[in-house]
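One structure is given below, encoded as structure tokens.
Number of protein chains: 2
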Amino acid sequence: MESVGIGLLGLGTVGGAVARRLIDEWELLGERAGATPALRCVAVRDTSRSRGFDLKNVRVVGDPQAVVADPAVAIVVEAIGGTDPATALIEAALRAGKTVVTANKAVIAASGPRLSALAAEHDAGLYFEASVGAGLPIIGLLRGSLLGDRIAALDCVINGTTNVILTQMRSAGVSYESALGDARRRGFAEADPSLDVDGWDAVHKLVILAWLAFGVHVAPDGVDRRGIRDVTGADVGALAQLGYRVRLLAHAERGSGDSVHLRVRPTAVGPGHLLHDVDDADNAVIISSDLEGTMMLRGLGAGGSSTASAVVSDVVTAVRERGTPVVNPAALTVPTMLGDADVEVAGYVRLQLSAEPEARALVLQALEDRGVAVDAAVDLTGSELIVLTGVAPRAVHDRALETLDTLTSVDQILGALDRVEA
Amino acid sequence: MESVGIGLLGLGTVGGAVARRLIDEWELLGERAGATPALRCVAVRDTSRSRGFDLKNVRVVGDPQAVVADPAVAIVVEAIGGTDPATALIEAALRAGKTVVTANKAVIAASGPRLSALAAEHDAGLYFEASVGAGLPIIGLLRGSLLGDRIAALDCVINGTTNVILTQMRSAGVSYESALGDARRRGFAEADPSLDVDGWDAVHKLVILAWLAFGVHVAPDGVDRRGIRDVTGADVGALAQLGYRVRLLAHAERGSGDSVHLRVRPTAVGPGHLLHDVDDADNAVIISSDLEGTMMLRGLGAGGSSTASAVVSDVVTAVRERGTPVVNPAALTVPTMLGDADVEVAGYVRLQLSAEPEARALVLQALEDRGVAVDAAVDLTGSELIVLTGVAPRAVHDRALETLDTLTSVDQILGALDRVEA
Numbered sequence: 036m037e038s039v040g041i042g043l044l045g046l047g048t049v050g051g052a053v054a055r056r057l058i059d060e061w062e063l064l065g066e067r068a069g070a071t072p073a074l075r076c077v078a079v080r081d082t083s084r085s086r087g088f089d090l091k092n093v094r095v096v097g098d099p100q101a102v103v104a105d106p107a108v109a110i111v112v113e114a115i116g117g118t119d120p121a122t123a124l125i126e127a128a129l130r131a132g133k134t135v136v137t138a139n140k141a142v143i144a145a146s147g148p149r150l151s152a153l154a155a156e157h158d159a160g161l162y163f164e165a166s167v168g169a170g171l172p173i174i175g176l177l178r179g180s181l182l183g184d185r186i187a188a189l190d191c192v193i194n195g196t197t198n199v200i201l202t203q204m205r206s207a208g209v210s211y212e213s214a215l216g217d218a219r220r221r222g223f224a225e226a227d228p229s230l231d232v233d234g235w236d237a238v239h240k241l242v243i244l245a246w247l248a249f250g251v252h253v254a255p256d257g258v259d260r261r262g263i264r265d266v267t268g269a270d271v272g273a274l275a276q277l278g279y280r281v282r283l284l285a286h287a288e289r290g291s292g293d294s295v296h297l298r299v300r301p302t303a304v305g306p307g308h309l310l311h312d313v314d315d316a317d318n319a320v321i322i323s324s325d326l327e328g329t330m331m332l333r334g335l336g337a338g339g340s341s342t343a344s345a346v347v348s349d350v351v352t353a354v355r356e357r358g359t360p361v362v363n364p365a366a367l368t369v370p371t372m373l374g375d376a377d378v379e380v381a382g383y384v385r386l387q388l389s390a391e392p393e394a395r396a397l398v399l400q401a402l403e404d405r406g407v408a409v410d411a412a413v414d415l416t417g418s419e420l421i422v423l424t425g426v427a428p429r430a431v432h433d434r435a436l437e438t439l440d441t442l443t444s445v446d447q448i449l450g451a452l453d454r455v456e457a
Numbered sequence: 036m037e038s039v040g041i042g043l044l045g046l047g048t049v050g051g052a053v054a055r056r057l058i059d060e061w062e063l064l065g066e067r068a069g070a071t072p073a074l075r076c077v078a079v080r081d082t083s084r085s086r087g088f089d090l091k092n093v094r095v096v097g098d099p100q101a102v103v104a105d106p107a108v109a110i111v112v113e114a115i116g117g118t119d120p121a122t123a124l125i126e127a128a129l130r131a132g133k134t135v136v137t138a139n140k141a142v143i144a145a146s147g148p149r150l151s152a153l154a155a156e157h158d159a160g161l162y163f164e165a166s167v168g169a170g171l172p173i174i175g176l177l178r179g180s181l182l183g184d185r186i187a188a189l190d191c192v193i194n195g196t197t198n199v200i201l202t203q204m205r206s207a208g209v210s211y212e213s214a215l216g217d218a219r220r221r222g223f224a225e226a227d228p229s230l231d232v233d234g235w236d237a238v239h240k241l242v243i244l245a246w247l248a249f250g251v252h253v254a255p256d257g258v259d260r261r262g263i264r265d266v267t268g269a270d271v272g273a274l275a276q277l278g279y280r281v282r283l284l285a286h287a288e289r290g291s292g293d294s295v296h297l298r299v300r301p302t303a304v305g306p307g308h309l310l311h312d313v314d315d316a317d318n319a320v321i322i323s324s325d326l327e328g329t330m331m332l333r334g335l336g337a338g339g340s341s342t343a344s345a346v347v348s349d350v351v352t353a354v355r356e357r358g359t360p361v362v363n364p365a366a367l368t369v370p371t372m373l374g375d376a377d378v379e380v381a382g383y384v385r386l387q388l389s390a391e392p393e394a395r396a397l398v399l400q401a402l403e404d405r406g407v408a409v410d411a412a413v414d415l416t417g418s419e420l421i422v423l424t425g426v427a428p429r430a431v432h433d434r435a436l437e438t439l440d441t442l443t444s445v446d447q448i449l450g451a452l453d454r455v456e457a
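Going down the list, the protein sequences come from chains A and B.
The first sequence begins at 36 in my numbering and counts up by one.
The second sequence begins at 36 in my numbering and counts up by one.
Written as structure tokens, this is what we have:
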């Protein structure tokens, strides 16, 4: 059987798992691909380090550029992460007409459409299934299925770290800081967790999904983003009592014309909603489209083994599709971002009532007066009040909260979150 | 833009929805496909009937063979259902080098691998996304993703009719016959519901999924099949009290070597299991594989609109992939079916104890003596006893039940089902 040379950049958790699968299962993969993907060259930071498995006849180099330049390599697998030097290496490979497989969400979110056009220009492939949801094949699903549908919205839990933290806050009744420490100890959060807890990781993934679903490229900075640092144990606990679970919801929707809205925000998810019980490190993506309606893909969306699953699947696909013409990416429309007056959300507010007589009634009346319906109001001990607010433009919500903050009936607004129902 | 001629066999619910989408959205579909799929010819049973939408310049014929033979048609969409004459029409199209898109699960279950080989022989494509789970893109997922994984098992709810009936039996506390009548009135069950309630529809779909997941072709007759006619309201109700929901579970697993096991059986699904809350007409497929672990695809898996979603997506894919070489299907291994001694299941038994002293203890002892563990035993009124039995080979389970039936401690075995836990 013919073989196709594979070069691998990085031999960490993901790269190591990819190398092992390519070496151990070359026969199975070859059968599926129609030619054997043969690992020829690997770039590692420390060439002297032992790997715990036999790299056999694979050339091991310290300079990733040497892998890209190796004439025996037809497909470059990028598994080093970060934007620099990953972006330049991917560009160099594509310019050399080599197909690239990458798990790099930061690179694809920032430069996916440009790299995709570059790939087509040089008749090379660009595959990035692992960049969102790791082994969960959401990229393949958006690229290869639903081609007769108009996709209206995406609703996702696509960051494992924040979901592990929020799950722990609820189930153990602890604070954000405590749950973060626990996630760190269990290997679910990095020493510097900013990328995850500030929502950037979810933003990158959502930008990629929105690109494939809507044919628009939104800059990560253009996404309405709020992380989970300010989510309090009190809100998570109070919501749990009402049947809600707080998740970092990544949502994208298409408005009229070419307008879109992308947001990543902690959101209270109501009972019966498909995302309600997606706990811990599970990922889930809900796609709403006009013919199919609502579908969900759910499963493990992180970890070396899961990410390797997607990378190796991409390698097999790349080998399978070698020699077939690379399709030019669809022309991108320039997105108009929906304004806060057009984005409709429901909400959750927890506040401290003042001792003023009729404070509770005045608060609820003030909300209604400002165009925000009250779906439910729940009294907690100590004159705390929870209000579940109805769907209204975000701008209307925000103005109503500002008003509440000025009322003598309200001592303090203690927490506010978006809310979605089944 | 170049156009590719589409011929459509059948203009019922599915065919009509496909035709409407092809006509209304030709521009969008053309952008996605790289060439416009242009509906050229439609075969209907009654050419004089009005359709409620404008077929414009499409040629309408009474003889489906005329569509296949039409030189303007490059892709034949088969939407007439049943095996005869659908199989012969598909064969004729493939032999003429025309690509076929079909929603026909009976044809693909019986003849998928043979037709797939025939397609490759004539350099034609064969697409059948709609044959399982309608618009839920499970076929695309198994064909195009997880190519680096070894799939170990599939667990599916893939028949809407039985799930609607079983959901109604639980939520309304009614009998099978009553729930069937209700499903008929709501359009979820046909006048003759045998294909659904006897499990054949799920068997066909499972055979197709197992083909793609394991590379084996199991004849529908070779599947361990039990329908839902004998499921009693008493069992569904008693299980609901314990937190279980009964579903017609379609399960496929790979044993050692080339052995596989496929079964379709009513099964009690425990709390926390991914299939637990897949109620009504929802479909769901869980794939367990070695690198990715467990993933689930869930959504609407029936109906004209959902089925049309898959058919049109296949048409776009077929147009997109025109001119690229058709990959020969992987060589099929001849499956060995796992025997009842190797297939391990957990169970549920409801029985009527006799008035014999110590009857309850004797029953539980008899089970343990025959190698079946007792996970839990629950007493109902009227000396009924429920036993949740532990995982053991099916043969061991069956022999233990036969033994119970002979005991003087047991008046009658009232119900028995498989059981799965989270």
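All C-beta atoms in this analysis are idealised placements derived from N, C-alpha and C, irrespective of residue type, glycine included.
Residue closest to residue i, alpha-carbon to alpha-carbon, out of the options
i: B:Gly179; options: A:Ala451, A:Val346, A:Leu442, A:Gly328; result: A:Val346
i: A:Leu326; options: B:Glu393, B:Leu171, B:Leu247, B:Pro72; result: B:Leu171
i: B:Ser418; options: B:Thr441, B:Val409, B:Leu449; result: B:Leu449
i: A:Gln447; options: A:Leu420, A:Leu150, A:Asp314; result: A:Leu420
i: A:Ala188; options: A:Ser151, A:Ala245, A:Val238, A:Thr196; result: A:Ala245
i: B:Asp193; options: B:Gly305, B:Tyr383, B:Ala287, B:Met36; result: What sits at residue 193 of chain B in the sequence shown is Ile, not Asp. Nearest option by C-alpha distance: B:Ala287.
i: B:Asp458; options: B:Gly51, B:Ala109, B:Ser340, B:Asp236; result: No answer is possible for residue 458 of chain B: the residues shown for chain B start at 36 and end at 457.
i: B:Met36; options: B:His432, B:Leu63, B:Ala155, B:Ala275; result: B:Leu63
i: A:Asp314; options: A:Tyr162, A:Val142, A:Gly195; result: A:Gly195
i: B:Val111; options: B:Glu156, B:Val142, B:Gly45; result: B:Gly45
i: A:Asp105; options: A:Ile41, A:Tyr162, A:Ser85, A:Glu164; result: A:Ile41
i: A:Ala411; options: A:Arg280, A:Asp256, A:Tyr383, A:Thr118; result: A:Tyr383
i: B:Val281; options: B:Gly292, B:Arg80, B:Gly268, B:Ser291; result: B:Gly268
i: B:Val369; options: B:Gly69, B:Val253, B:Leu283, B:Ala169; result: B:Val253
i: B:Thr371; options: B:Thr82, B:Asp81, B:Ala226, B:Ser294; result: B:Ser294
CB contact flag (residue i, residue j, <8 Å)
i: B:Asp233; j: B:Ala224; result: no
i: B:Arg300; j: B:Arg261; result: yes
i: A:Val77; j: A:Val95; result: yes
i: B:Val39; j: B:Ala73; result: yes
i: A:Thr122; j: A:Ala159; result: no
i: B:Gly278; j: B:Gly208; result: no
i: A:Asn139; j: A:Glu113; result: yes
i: B:Leu335; j: B:Asp317; result: yes
i: B:Ala319; j: B:Met331; result: yes
i: A:Thr352; j: B:Thr359; result: no
i: B:Gly305; j: B:Glu456; result: yes
Bridge-paired residues (DSSP) for residue i
i: B:Leu321; result: The question names Leu, but residue 321 of chain B in the sequence shown is Ile. DSSP output for B:Ile321 lists B:Asp190, B:Met331 as bridge partner(s).
i: B:Gly40; result: B:Ala73
i: A:Gly450; result: A:Arg385
i: B:Leu161; result: B:Val135
i: A:Thr302; result: A:Arg282, A:Asp453
i: B:Pro148; result: DSSP output for B:Pro148 lists no bridge partner at all.
i: B:Arg94; result: B:Cys76
i: A:Pro428; result: A:Glu379
i: B:Glu419; result: B:Gln387
Chain D residues whose Cβ lies nearer than 8 Å to that of residue i
i: A:Arg56; result: Structure shown: chain D not included; protein chains present are A and B.
Does the contact criterion of 3 or more C-beta pairs under 8 Å hold for the region 43–62 of chain B versus the region 303–317 of chain A? no
I'd like the ranges of any alpha helix (DSSP H) spanning at least 4 consecutive residues and lying wholly in the region 336–388 of chain B. Within the region 336–388 of chain B, the runs of alpha helix (DSSP H) at least 4 residues long that lie entirely inside it are, in chain order, 339–355.
Which full runs of the beta strand (DSSP E) of 3+ residues lie inside the region 231–255 of chain A, going along the chain? Within the region 231–255 of chain A, no complete beta strand (DSSP E) run reaches 3 residues.
Report yes or no: do three or more beta-carbon pairs, one from the region 141–159 of chain B and one from the region 116–131 of chain B, lie closer than 8 Å? yes
At what residue ranges does the region 99–141 of chain B contain a whole run of the beta strand (DSSP E), taking only runs of 3 or more? 110–113, 134–137
Secondary structure, beta strand (DSSP E): runs of 3+ residues fully inside the region 266–295 of chain B: Fully enclosed beta strand (DSSP E) runs of 3 or longer: 280–289.
Can at least three beta-carbon pairs, one atom from the region 333–352 of chain B and one from the region 256–272 of chain B, be found at a separation below 8 Å? no
Please determine if the region 425–435 of chain A and the region 378–385 of chain A are in contact, where contact requires at least 3 C-beta pairs separated by less than 8 Å. yes
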